[in-house]
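Data first, discussion second: the structure below is written as structure tokens.
2 protein chains.
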Amino acid sequence: MRIDAKLLERRLDELYAIGAEPDGGTYRPLYGAAWAAAGERVQRWMNDAGLAVRRDAVGNLWGRLEGSAGGKAVVTGSHIDTVRHGGRLDGALGIVAGLSALEALAKTRGKPKRPLEVVAICEEEGSRFTANFWGSRAIVGAIGPGEPESAMAEAMRERGLDPALIASAARDDIDTFIELHIEQGAVLEASPSPLAIVSAIAGTAHLEIVVTGRPDHAGTTPMDIRRDALVATAAMIQAVASIAAALGRPAVATVGKLRVEPDQINVVPGRVVFTVDLRHADLGARRALEERIRSLCGTIAAERSLGLAMRTLQERPPVSMHPDVRALLERAAADGGVSPPPLNLMSGAGHDAQVLAARCRVGMLFVPSIGGRSHCPEEATDPAHLELGAGVLARALELLAY
Amino acid sequence: MRIDAKLLERRLDELYAIGAEPDGGTYRPLYGAAWAAAGERVQRWMNDAGLAVRRDAVGNLWGRLEGSAGGKAVVTGSHIDTVRHGGRLDGALGIVAGLSALEALAKTRGKPKRPLEVVAICEEEGSRFTANFWGSRAIVGAIGPGEPESAMAEAMRERGLDPALIASAARDDIDTFIELHIEQGAVLEASPSPLAIVSAIAGTAHLEIVVTGRPDHAGTTPMDIRRDALVATAAMIQAVASIAAALGRPAVATVGKLRVEPDQINVVPGRVVFTVDLRHADLGARRALEERIRSLCGTIAAERSLGLAMRTLQERPPVSMHPDVRALLERAAADGGVSPPPLNLMSGAGHDAQVLAARCRVGMLFVPSIGGRSHCPEEATDPAHLELGAGVLARALELLAY
Chain V
122 MRIDAKLLER RLDELYAIGA EPDGGTYRPL YGAAWAAAGE RVQRWMNDAG
172 LAVRRDAVGN LWGRLEGSAG GKAVVTGSHI DTVRHGGRLD GALGIVAGLS
222 ALEALAKTRG KPKRPLEVVA ICEEEGSRFT ANFWGSRAIV GAIGPGEPES
272 AMAEAMRERG LDPALIASAA RDDIDTFIEL HIEQGAVLEA SPSPLAIVSA
322 IAGTAHLEIV VTGRPDHAGT TPMDIRRDAL VATAAMIQAV ASIAAALGRP
372 AVATVGKLRV EPDQINVVPG RVVFTVDLRH ADLGARRALE ERIRSLCGTI
422 AAERSLGLAM RTLQERPPVS MHPDVRALLE RAAADGGVSP PPLNLMSGAG
472 HDAQVLAARC RVGMLFVPSI GGRSHCPEEA TDPAHLELGA GVLARALELL
522 AY
Chain W
122 MRIDAKLLER RLDELYAIGA EPDGGTYRPL YGAAWAAAGE RVQRWMNDAG
172 LAVRRDAVGN LWGRLEGSAG GKAVVTGSHI DTVRHGGRLD GALGIVAGLS
222 ALEALAKTRG KPKRPLEVVA ICEEEGSRFT ANFWGSRAIV GAIGPGEPES
272 AMAEAMRERG LDPALIASAA RDDIDTFIEL HIEQGAVLEA SPSPLAIVSA
322 IAGTAHLEIV VTGRPDHAGT TPMDIRRDAL VATAAMIQAV ASIAAALGRP
372 AVATVGKLRV EPDQINVVPG RVVFTVDLRH ADLGARRALE ERIRSLCGTI
422 AAERSLGLAM RTLQERPPVS MHPDVRALLE RAAADGGVSP PPLNLMSGAG
472 HDAQVLAARC RVGMLFVPSI GGRSHCPEEA TDPAHLELGA GVLARALELL
522 AY
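Listed in order, the protein sequences are those of chains V and W.
Its first residue numbered 122, the first sequence is counted upward by one per residue in this note's numbering.
Its first residue numbered 122, the second sequence is counted upward by one per residue in this note's numbering.
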């Protein structure tokens, strides 16, 4: 399927300019001015493409081609919000490429049999409120009873959205959701293939670990009688990294946040609080990884007579992509001449597809991220890869909807 | 030499109450109200003891017994300021015990041959301004040309002290300075002896080490292609501790402060800044310790292709106590029946004696700290040990001045 690559790039440039920050990157927080302006731009493109446009109760923007045979819809798209100093492609690519795909299909194949839609999902990043996957959760009817918080409800009203109507955003008429996204990592770039089909989105567990020793004078306390919480933590950090490395891909474990108390140059650390982010495509494997880390941290603390407290901050199960959709994407890639064939890749990052999987079949395509960079102004993908990804997406939608 | 132990304890209680903080401990920052009140109390005690009292240009408070033969003075004392939430004994003990010693000597031996003084040094802790050892530096004429900073000069004026006269506080008529102090560590408590004679005050080097890796998405970056600044730092922290432990006492090395960037739960740390506090009684040994740590950190960073920058924040040489004064303290302890004989101990903490060593012979006595605790409300010493320490101090002053 032939995609207008120049138009694709131009639209990505236009979106990137909306919310541009003076010190680099762009920022389109949910329900903010840049977010609204970007939505208006996408809405105009949808109108120009002849799509039927509607905005749902949380601000997801839908553009639809009716299907001659009716039935459940085939949907593509991604999110329109960004992190601070966000890049040009995260989220935006899936919307713009989806729009290009629908335009190309409408032009070359006319009206589909099944309804075909592109969606600009209002929020995925936790970009403004602690409510990430807000847009996709609304679509699957999974907004919690305490949501939105009052500041967020106020922000909705400022955009003409009524929080009381959120339940109306839920849909049960989606058959398949396909999302094109950048990898946000460097695995695909290092492989010979220019495209990946996502096998699963990793389950994430976030742990908080508190190590308690004894704060002592750094000058008067000999090494052999210290109870140094940071030296023990250092052993734990190395254990976390080496256990995950020994398990091999796709296991990852990261100590990202760490706080030392009292954090004084001449005091032996008495307490350290740190986090562990654990991911794996397989829930059993992730639990085994977590179990080994908990066990080794316990041993390290016990050997040194230190206190240890561990708690789970968050736990999300891995989500497998639907096998039928994966097979369809394989076929679309083969039809598009993707060579070597697409890599099968676990997504370590979270995506709307993992939420939508609760209500429909889902699948994802990844194009390479140059240098693996993402969530930063350097986020980039070779234009040839963008065109290829959008073309395979269009072919997959064609196979599903025509 | 018989010391009035009850009076000693009562005076320590009185000083501890001046500057008491609602949430525990006491705080007498330099030139503050509590500092001034404590000075007035000590001044009254000095007057009551029949000492000639004077306050020098920075607020050090001197109480003097004139000597029949004149000559240079024998001095004892310690500092009157405290850290926040400071304890009952740090600094205060050396002043109160020195005063008790002079009272006991005046009562039992009358007028000394050589002048005998007790000093309440105005500041040692860096308790308010970044000007620690302020009092002792003034005594040795080592106040820098840019000192005091303007806020500190203003604080001096509020206490009736003229910053233009600081140079007049310098003295070249001190023969020997002896300081009784709590150990602030747990080595003496674990030894059979109730007293220690300090061999040297450790030299301190403070390093700042910056490890630069690459911030990456914690979900999308496989373990084998990460450049994690924190995992490398963990190896460095373990190296710092194990090198010092392998060297054995009195070598100590401490990573006390640490900052992770960006410090986000789901981002691989791109940069870590941490400090190393290194101490040893012997300058050559400390430099060797530092050299090994620098070398191993360099190897760890190089193996992982990480950036590494190291700089020295502060470097103070170790100061040996004068051999004659150490021998005199041994004799005084033997005379006082100290059994087993005093431990020879390096002081890992800094003390005024290390500054005064530039102008006179210095020596220090340590009494045990219960549980090694100091700079906190739990700071305590067995009353029998306080009495013993004060008695040995008095005997040493007697040997020098009579």
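Even glycine gets a Cβ: it sits at the ideal position worked out from N, Cα and C.
Check: Would you mind stating whether P498 of chain W and S314 of chain W have Cβ atoms separated by less than 8 Å?; Outcome: no
Check: M277 of chain V lies in the alpha helix (DSSP H); which residues open and close that run?; Outcome: S271 to E279
Check: If I measure Cβ to Cβ from A402 of chain V and keep anything under 6 Å in the same chain, skipping five residues before and after, which residues do I get?; Outcome: A321, A323, P371, P439 and M467
Check: Have a look at V:I287, V:E142, V:R123 and V:L521 and flag the residue whose alpha-carbon is nearest the alpha-carbon of G267 of chain V.; Outcome: V:I287
Check: If you draw a straight line from the C-alpha of H200 of chain V to the C-alpha of V204 of chain W, how long is it?; Outcome: 54 Å
Check: Expressed to the nearest angstrom, what Euclidean distance is found between the alpha-carbon atoms of G492 of chain W and R335 of chain V?; Outcome: 11 Å
Check: In chain W, what lies closer than 7 Å to Q525 of chain V by C-beta?; Outcome: Shown here, chain V extends from 122 to 523; a query on residue 525 of chain V therefore has no answer.
Check: Can you pull the chain V residues whose beta carbon is under 7 Å from the beta carbon of P390 of chain W, in chain order?; Outcome: G377
Check: In chain V, which residues lie less than 7 Å from N387 of chain W when you measure between Cβ atoms?; Outcome: G377 and D398
Check: Can you list, in chain order, the residues of its chain whose CB lies under 6 Å from that of W82 of chain W, leaving out five sequence neighbours each side?; Outcome: Residue 82 of chain W lies beyond the range of chain W shown here (122 to 523); nothing can be said about it.
Check: Classify P444 of chain W: buried if its beta carbon has 16 or more other beta carbons within 10 angstroms, exposed otherwise.; Outcome: exposed
Check: Along the beta strand (DSSP E) that carries D303 of chain W, what are the first and last residues, could you check?; Outcome: Looking at the sequence itself, residue 303 of chain W is Ile, so the reference to Asp does not match. I303 of chain W -> beta strand (DSSP E) spans I295 to I303.
Check: Whole alpha helix (DSSP H) runs in the region 308-356 of chain W with 4 or more residues, listed along the chain?; Outcome: 308-311
Check: Alpha carbons only, please: which of W:G256, W:D503 and W:L151 is nearest the one belonging to L210 of chain W?; Outcome: W:D503
Check: I'd like to know whether the C-beta of G231 of chain V is nearer than 8 Å to at least one C-beta of chain W.; Outcome: no
Check: Would you mind telling me which residues of chain W sit closer than 7 Å to V352 of chain V, beta carbon to beta carbon, in chain order?; Outcome: I358, Q359 and A362
Check: In angstroms, rounded to a whole number, what distance separates the CA positions of A339 of chain V and A141 of chain W?; Outcome: 25 Å
Check: In the DSSP assignment, find the alpha helix (DSSP H) that holds R516 of chain W and state where it starts and stops.; Outcome: P504 to A522
Check: For V179 of chain W, which option in W:A158, W:A291, W:K193 and W:P390 has the closest C-alpha, if you only look at C-alpha atoms?; Outcome: W:A291
Check: Just checking my contact of L351 of chain W with P390 of chain W at CB under 8 Å: how many whole Å lie between their CB atoms?; Outcome: 4 Å
Check: For chain V, find out if any of its Cβ atoms is closer than 8 Å to the Cβ of R249 of chain W; answer yes or no.; Outcome: no
Check: With 16 as the cutoff for other CB atoms within 10 Å, does E279 of chain W come out buried or exposed?; Outcome: exposed
Check: Tell me which residues share the same chain as A274 of chain V and place their Cβ nearer than 7 Å to its Cβ, disregarding the 5 neighbours each side in the sequence.; Outcome: P284
Check: So which residues on chain V does G469 of chain W lean against when the C-beta distance must stay under 9 Å?; Outcome: H338, A339, G340, T341, T342 and P343
Check: V332 of chain V and A353 of chain V - do their beta-carbons sit closer together than 8 Å?; Outcome: yes
Check: For D398 of chain W, count neighbouring C-beta atoms within 10 Å of its own C-beta (all shown protein chains included) and say buried if the count is 16 or more, exposed if not.; Outcome: buried
Check: Is there a Cβ of chain V sitting closer than 8 Å to that of D473 of chain W, yes or no?; Outcome: no
Check: Taking 8 Å as the threshold, find out whether the region 250-261 of chain V comes into contact with the region 215-225 of chain V through three or more Cβ pairs.; Outcome: no
Check: Identify whether D89 of chain W lies in helix, strand or coil by the three-state DSSP scheme.; Outcome: Since the first residue of chain W shown is 122 and the last is 523, residue 89 of chain W is not available in this structure.
Check: Once DSSP output is grouped into helix, strand and coil, what is the label at D384 of chain V?; Outcome: coil
Check: Mind listing which residues of the region 443-466 of chain V have their C-beta closer than 8 Å to chain W's C-betas, in chain order?; Outcome: none
Check: Would you grab the beta carbon distance between M344 of chain W and A362 of chain V for me? Rounded to a whole angstrom, and I think it's under 8 Å.; Outcome: 7 Å
Check: Just to confirm, is the Cβ distance from G265 of chain W to T341 of chain V under 8 Å?; Outcome: no
Check: Alpha carbon to alpha carbon, what distance is there between L429 of chain W and D349 of chain W?; Outcome: 13 Å
Check: Relative to the alpha-carbon of E244 of chain W, which residue among W:M167, W:P150 and W:T433 has its alpha-carbon at the smallest distance?; Outcome: W:P150
Check: Using a Cβ-Cβ cut-off of 8 Å, state whether I346 of chain V counts as contacting chain W.; Outcome: yes
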